Amino acid sequence: MNALSSPVPSTSPKLAAGLRAAGAVEQGVSGHTPLLLSASRRCLLVLEGAMDLFLVALDDEGNATGLRRHLFTLEAGDLALPFDGDSAIPPIGLLAVGTAGTRLLAADSPVLEHLARHGDRDLQAEIARALDSWIAGLSRAMARLVVPAPHIGARLRAAETIELAADTRLSAQEGVLWVACGDHDPLYLDSDHIARSAETLLPLHDSCWLVLPEARAIRGIDTLQALGEGHCWAGITALHAAVATILPLNLRLARVDELNRRRARNEANLASEQDALDRLAAPLTPPERRLVPETGEYPLAQACAAVAQALGHPFTYHGRAHDAEGVAPPGIDQLARANHLRVRRVLLEEDWWRADVGPFVLMTGDGTQPIAVVPGGTGGGDHLVIDPSIPGPPRRLAAKEAALLTGEAISFYAPFPDRALKGLDVGGGAFRWSRTDAVMVILLGFIGGILSLGVPIATGFLVDTVIPGHDSAKLMEMGLVLVAAATVTLGLRYAIQIAALRIEGRSGSRIQAAVMDRLLRLPMAFFKDYAAGDLAQRALIIQTIEQAISGTIIASLINGLFAMISLGLMFWYAPKLAFVALGLIALLAATTVVLGLLRVRRERAVLAATGAASAFLLQLSIGISRLRLAAAEDRAFLRWTQPYGDFLNQRFGADQITNVTALIGQAFTPLATACLFAVIYLADTAQSGIALGVVLAFLSAFGQALEGMVGLAGAAVQIAALKPAYAYAAPILMTPPEADAHKIDPGTLSGAIELSHLSFRYGPDGPTVLDDLSLTIAPGEFVALVGPSGGGKSTLLRLLLGFEAQDAGAILLDGHDLRSLDIQAVRRQFGVVLQNGRLMPGNLLDNILGANRHLSEEAAWEAARQVGLAEDIAAMPMGLRTLITDSSGALSGGQVQRLLLARAIANRPRILLLDEATSALDNRTQALVTASLNALSATRLVVAHRLSTVMEADRIVVLQDGRCREQGSYAELMAQDGLFRRLSERQLV
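Residue numbers (this note's numbering): 152 to 1140.
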């Protein structure tokens, strides 16, 4: 084929023409005819199509062998340079595989160097762009294997000179820069020193970093300038040498990490199997032995594991936790997050051990020796201590030792399982956490049932024997026996109620904490379908379910025991009459059940009406100031009467059924007694010799059996009534939380963001909000999103936060798909201020620190100073302890925004997402805030309509109809006659 017959590619027309003029040859490449980039000094220009580059191993003859690992893709206009990987151990090469129809232009490397040296400015610009693409591809391929990415100490811009401290990680602010490193070889990617001459400029992409052993001034230049000065080729050779060393090393480390992940998974499986075996062996194992954790040699993990075991929650610890500078042991917050536990700081008050407290971890000694304290019995004053520094089983905590344990402790709360929940998952915890109390209730109930037989038996004995015989002594004895039996029965019932309260108390706080944990971990899309008041009612009903299950089952067991024992006594006295009594009891029980089921239908409507009324009342409370401004109080009251009237109507209907049930229960006892007398009379039972004492004893036992069976039927109705309650709470219980144990912890993020062909719409039939949007943001870059309303700016932030899921495309953080990452671990590294952000009720300190309770008060003051709020807070009488409400009526709009900004930056996030976060600030305050944000070295993605907010951005991205219409610096976009210029001119005077 004639080389001149092909059309010149639009991406690099001058480069293609120059190579052809120098004798370059056009050739094809495909999956069947791949090319191995070797040291043959041939460079390849992609004319059409695309070419994937794979890392391959080389055999003894220099041919590709083994598996291919994809590195990056070259598009039309990109260059592939010769690569020598023979020095690697083992030797490696880069294999080029083209897509269908891919055409290349092959030329000798000296030809490319000649064109770069003697070509005009436009030709050099095309070569510089192609070289940047090649360097970026190799750099990203190496850097993506370093997980987690470390903290970058300094970032350099083109034509900028900075003073770099020794042993500080240096990276480019954006794209590719060329730097001179002096006489000492720099450490590249914390992996290998790059050997080169002192005058050689090294290419440095924003995804990579290098470390210099000495402090020096560093200046960065772009590729076009480096090309003009003739410094590129030696630097590229040095980069290739680093790739040949670092890439195989990182691949081996990645395989080791994968092996460790598999090993950890196997260990987790073995631990699960061991837990299953332990559960089977639990009846034969002393309770103390079950609390001995096996989590390696880390004492804090051992103490936390003991507490988790006491809560019945699995606990894993793999013996490592990465921080920004290497490996450090995790703290309590990290261990809790890794095991989906919630923690709370509590203060151990005087005589705390006498109460029924839950398990906790306490730091003893100088604050570095953790111990675990767990309940050891059914009540207060009985605790076990697990001290990781002392081998052996847990020991009982003596009162003298407990008195010495003071100060702040860490209490743990276990979550619900990460799946759709059933009713027993909620209520069953009451008996899992209080097995001893549950067994005690059953045992005491059985004893009480036996004692209850004393009344009918004594009645028969008194009527048939004592009274006819005028035996005053026996009468006195029987009276004393009945008084004693009544006293013991009263004591038993009291003990049963105390045990039941203890069961409910233990489970109540844990269930409610688990419900709040569930709410906090539900996906954001869940909350769009429910009003806040309605959701609060649904959350509270879960506690009602737990109380009903624990209380109802206990009552059912006691009533059932009493009824069965009394029925047995009735059959012993008069079997035929007992069958009649059993029929009467069954009739009342059936009536109670039928009426109860009718009430259940009403209760379902009551719950729905309660939620609607509560939701509307909360909305009225939040908007009361607006109602008064609009003088709409009367209309609001009239509107409120509708949901509340529906609630009253449904509640009245349910109460009517309850009253009818109670009336029937009250009237049935005398009617049933009369019926039994009638049966005795009609059956001529009295003439057959049945004694009066037997009749009275039978009637006494019948009354007890009737009461017990009615209670049992009522309990059955209450259990049936839980069905609508469970259905009402089902959205919370059935929705899986967004955190998944199989998601990856991203480690410390560098701030690199890549949006790849992102598309999104809010509903299947809704308009497209984001349409095939692609965008790459370098670590530490300040990117402003501007454009007309509805262009997708705020939606893009919601996608980055994981509030919504894209329909197509991918969001990559440090090269990792956001969908594969633990979204909560990602959000902890974000600082966020969204539109209409609200404060939390509480004080200013709580609002600034937020969830970052590990930060000190000084950190809150520093954040306030950075946003220009410190002077305002200092002028308040209570300073950071000043109380505010969520309506923030005591603060101005600007103060609220600065407070939200202080919260966003308090934890020094890696990525800042700001949506109209400075719209209420004056220019002076905004300049102060901007300077403070610049000092954070965080990636900033800012949505703003205010021109002064975006003028200093590194890059402005103009979004319209979900597409990127323009991007560039402020000066570049203002020089164009485009959308941004037209939007800006509206604000220019």
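Note that beta-carbon positions come from the ideal geometry of N, C-alpha and C, so glycine has one too.
For clarity, every value in this text was computed on a predicted model and none was experimentally measured.
Length of the line joining the Cα atoms of V458 and L594: 29 Å
Assigned exposure category for D538 - 16 Cβ within 10 Å defines buried: buried
Cutoff 7 Å; reference L548; Cβ partners in own chain excluding five residues on either side: W504, V524, H534, L535 and V536
Selection from A589, L513, L602 and G599 that minimises the alpha carbon distance to G558: The option with the nearest alpha carbon to G558 is L513.
Segment contact, 8 Å Cβ cut-off, at least three pairs: the region 244-264 with the region 323-338: Per the Cβ contact rule, the region 244-264 is not in contact with the region 323-338 (fewer than 3 Cβ pairs under 8 Å).
Those residues which DSSP pairs with I883 across a bridge: I883 pairs with nothing; no bridge assigned.
Within 8 Å, strictly: CB atoms of P887 and A385: Not a contact, by the Cβ cut-off of 8 Å.
Contiguous beta strand (DSSP E) assignments of at least 3 residues, all confined to the region 336-406: 352-356 and 367-372
Closest residue to L972 among T899, L1110 and S1088 (Cα-Cα distance): T899
Contacts around G482, its chain only, beta-carbon distance under 8 Å, and the 5 residues preceding and following it disregarded: L451 and H1005
Inter-stretch contact (C-beta, 8 Å, three-pair minimum) for the region 181-188 and the region 271-278: no
With 16 other Cβ atoms within 10 Å as the buried cut-off, status of R471: Annotation note: pLDDT 41 at R471 (below 50); position unreliable, no value reported.
E1117: first and last residue of the uninterrupted alpha helix (DSSP H) it sits in: Segment R1114 to G1119 is the beta strand (DSSP E) holding E1117; no alpha helix (DSSP H) there.
Pair within 8 Å by beta-carbon distance, G179 and V248: V248 is positioned such that its CB atom lies no closer than 8 Å to that of G179.
Closest residue to A489 among I974, T587 and L195 (Cα-Cα distance): I974
Contact under 8 Å by Cβ, L758 with A876: yes
S161 burial status per 10 Å Cβ neighbour count (16 or more: buried): Low confidence applies here, because S161 scores a pLDDT of 42, under 50, leaving its location unreliable and the question unanswered by this model.
Three CB pairs or more closer than 8 Å across the region 843-856 and the region 600-620: Cβ pair count under 8 Å is three or more, so yes.
DSSP-derived helix/strand/coil call for T1100: helix
Residue burial classification, D1073 (beta-carbon count within 10 angstroms, cutoff 16): Around the CB of D1073, fewer than 16 other CB atoms lie within 10 Å, so the residue is classed as exposed.
Cutoff 6 Å; reference L1051; Cβ partners in own chain excluding five residues on either side: V984 and G988
Pick from D685, S540 and A871 that is closest to T519, judged by C-alpha positions: S540
Of the residues A175, H344, A287 and D341, the one placed nearest P261, counting alpha carbons only: Nearest in C-alpha terms to P261, of all of A175, H344, A287 and D341, is A175.
Beta-bridge partners of M202, as assigned by DSSP: In the DSSP output, where bridge partners are listed per residue, M202 has L225 and G249.
Start-to-end residues for the alpha helix (DSSP H) that takes in S284: For S284, the enclosing alpha helix (DSSP H) stretches over residues R272 to A294.
Rounded straight-line distance, which links the Cα of G1119 to that of T1100: 15 Å
Range covered by the alpha helix (DSSP H) that runs through V1047: G1044 to I1056
Separation of Y913 from L166, as counted between CA atoms: 45 Å
Bridge partners - N994, DSSP secondary structure assignment: L1034
Residue(s) in a DSSP beta bridge with A782: In DSSP, A782 forms no bridge with anything.
Residues near T1076 in its chain [Cβ-Cβ closer than 6 Å; skip 5 each side]: G1019
Nearest candidate by alpha-carbon position, reference L360, set Q986, V297 and Q807: Here residue 360 is Trp; the residue named in the question, Leu, does not match the sequence. Comparing Cα positions, the closest option is V297.
E1009: first and last residue of the uninterrupted alpha helix (DSSP H) it sits in: E1008 to Q1017
In chain order, each alpha helix (DSSP H) run of at least 4 residues that lies wholly inside the region 620-698: 623-672
Which of helix, strand or coil DSSP assigns to H265: H265 falls in the helix class under three-state DSSP.
Nearest neighbour of G200, chosen from E177, L222 and E226 [CA to CA]: E226
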